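Novice:
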Amino acid sequence: DAGVIQSPRHEVTEMGQEVTLRCKPISGHNSLFWYRQTMMRGLELLIYFNNNVPIDDSGMPEDRFSAKMPNASFSTLKIQPSEPRDSAVYFCASSLGQGLNEQFFGPGTRLTVL
Amino acid sequence: AQSVTQLGSHVSVSEGALVLLRCNYSSSVPPYLFWYVQYPNQGLQLLLKYTSAATLVKGINGFEAEFKKSETSFHLTKPSAHMSDAAEYFCAVSDVDTGRRALTFGSGTRLQVQP
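Chains as they are written, first to last, in the numbering used here: chain A, -13 to 100; chain W, 89 to 203.
(1) Going by CA-CA distance only, name the one from W/200, W/193, W/198 that's closest to residue 92 of chain W.
(2) Contact criterion: CB-CB distance below 9 Å. Does residue 93 of chain W meet it with respect to chain A?
(3) Following the continuous beta strand (DSSP E) through residue 41 of chain A, name the residue where it begins and the one where it ends.
(4) Less than 8 Å between the CB of residue 198 of chain W and some heavy atom of the ligand MN, yes or no?
(5) Starting from residue 131 of chain W, find everything on chain A with Cβ-Cβ shorter than 7 Å and list it in chain order.
(6) Answer yes or no: does any C-beta atom of chain A fall closer than 9 Å to that of residue 156 of chain W?
(7) Quick check: the Cα distance between residue -6 of chain A and residue 92 of chain A, rounded to an integer number of angstroms?
(8) Which of helix, strand or coil does DSSP assign to residue 149 of chain W?
(9) Is there a C-beta anywhere in chain W that falls below 9 Å from the one on residue 12 of chain A?
(10) Measure from the C-beta of residue 124 of chain W to each C-beta in chain A and report whether the shortest distance is under 9 Å.
(11) Any Cβ of chain A within less than 9 Å of the Cβ of residue 178 of chain W?
(12) Looking at chain W, which residues of the segment 35 to 47 of chain A have a Cβ within less than 7 Å of any of its Cβ atoms?
(13) Just the Cα atoms here: how many angstroms apart are residue 113 of chain W and residue 153 of chain W?
(14) Applying a beta-carbon distance threshold of less than 8 Å, which residues of chain A neighbour residue 212 of chain W?
(15) Could you give the DSSP three-state label for residue 71 of chain A: helix, strand or coil?
(16) Taking 9 Å as the CB-CB limit, is residue 141 of chain W close to chain A?
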C-alpha cells in the first residue's frame, strides 16, 4: 500500500500565481480531507469529501480556495490568486468512513508564497 | 461544537522518564477521541483511538490513554520515554452526535526527550 500520495512536496511561487496541490487517497477509502497547518493557527480542516461529494467546506478561507474530487482516486486543492499568508503545509488525508475511523495522512505539501 | 485543549505546548522529559501529555475535550456527548503523532517533515500518524469501548486504550510504541468522562480528559502516557518519541503530538475529537464527523485537532504538544 503506497499510502496517501501528495504532490508536489514543496512549492514556491510568487504572489498572484495559481497553485494546484494534488492528492491521491488510499485505494478503497471513500473520505478525503484537506488540512492546512501553520504555526499560528495549528492544524485546520479546510474541506472534506465523502464518496467524491464535498460534505463540509466551512473551513475554506475564502473564494480564492477551491477543491475538487473528480473521482475516487484524485483530488485537487487550488489557490488562485495565491497570497503570502497562504504559506503553510497542506495535508491530505483519507479514511474509510467519515472521520470515525482512522485518517491516514499524506506527507504534506509545503507551500511558500513570496 | 466539539473542541480539544492540549495543556502545554512543550513538554521535556528525560529518557526513561514517564511521559504525560494532557488533553481535555468539550463535547455535548461522549465523543470519539484520537491521539496522533507527527515526526519532523512528515504527516500525522495515528497512535490510538477511543471509540466508547474500553476506557483504557493501548496504542503503538508503548503509548496508552485513558478516557475519563468525569474529568472530560484523554491524557496520553508512556511509562518510559525513548529518544525516538521526540515529536509533536495532537489530540483530536470526532463528535458522533453531529453530521460533521471530520476531526477537530488540538494545538499540539511538542515532546522533547533529553538524554
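Even for Gly, the Cβ is constructed at its ideal location relative to N, Cα and C. Owing to the predicted nature of the structure, the values given are computational and were not obtained by experimental measurement.
Specialist: Checking against the coordinates, here is how it stands:
(1) For the purposes of this step, residue 92 of chain W is taken as residue 4 along the second sequence, with counting starting at 1. Residue W/193 is the option with its Cα nearest to residue 92 of chain W.
(2) Working through the second sequence from its first residue, we reach residue 93 of chain W at position 5. Not an interface residue.
(3) Locating residue 41 of chain A in the first sequence gives position 55, where the first residue counts as 1. For residue 41 of chain A, the enclosing beta strand (DSSP E) stretches over residues 39 to 42.
(4) In the structure shown, the ligand MN is absent, as is every other ligand, since no ligand is present at all.
(5) Taking the second sequence and counting its residues from 1, one reaches residue 131 of chain W at position 43. Under a criterion of Cβ atoms nearer than 7 Å, the residues of chain A adjacent to residue 131 of chain W are, in order, 77, 91, 92, 93, 94.
(6) Position 68 of the second sequence holds residue 156 of chain W. No, because no Cβ of chain A sits closer than 9 Å to the Cβ of residue 156 of chain W.
(7) Locating residue -6 of chain A in the first sequence gives position 8, where the first residue counts as 1. Locating residue 92 of chain A in the first sequence gives position 106, where the first residue counts as 1. Roughly 11 Å between the two C-alpha positions.
(8) In the second sequence, counting from the first residue as 1, residue 149 of chain W sits at position 61. Helix, per DSSP.
(9) Taking the first residue of the first sequence as 1, we reach residue 12 of chain A at position 26. For residue 12 of chain A, no Cβ of chain W is located within less than 9 Å of the residue's own Cβ.
(10) Counting from one through the second sequence, the residue named residue 124 of chain W turns up at place 36. It does: the Cβ of residue 124 of chain W has a partner Cβ on chain A nearer than 9 Å.
(11) Against the second sequence, residue 178 of chain W aligns to sequence position 90. Yes, because at least one Cβ of chain A sits closer than 9 Å to the Cβ of residue 178 of chain W.
(12) So the close ones are 42.
(13) Working through the second sequence from its first residue, we reach residue 113 of chain W at position 25. Working through the second sequence from its first residue, we reach residue 153 of chain W at position 65. Rounded to the nearest angstrom, the gap between the Cα atoms of residue 113 of chain W and residue 153 of chain W is 13 Å.
(14) Residue 212 of chain W is absent from the model: chain W starts at 89 and stops at 203.
(15) Within the first sequence, numbered from 1, the residue matching residue 71 of chain A stands at position 85. Three-state result, residue 71 of chain A: helix.
(16) Walking along the second sequence from the start, residue 141 of chain W turns up at place 53. No - not a single Cβ of chain A is within 9 Å of the one on residue 141 of chain W.
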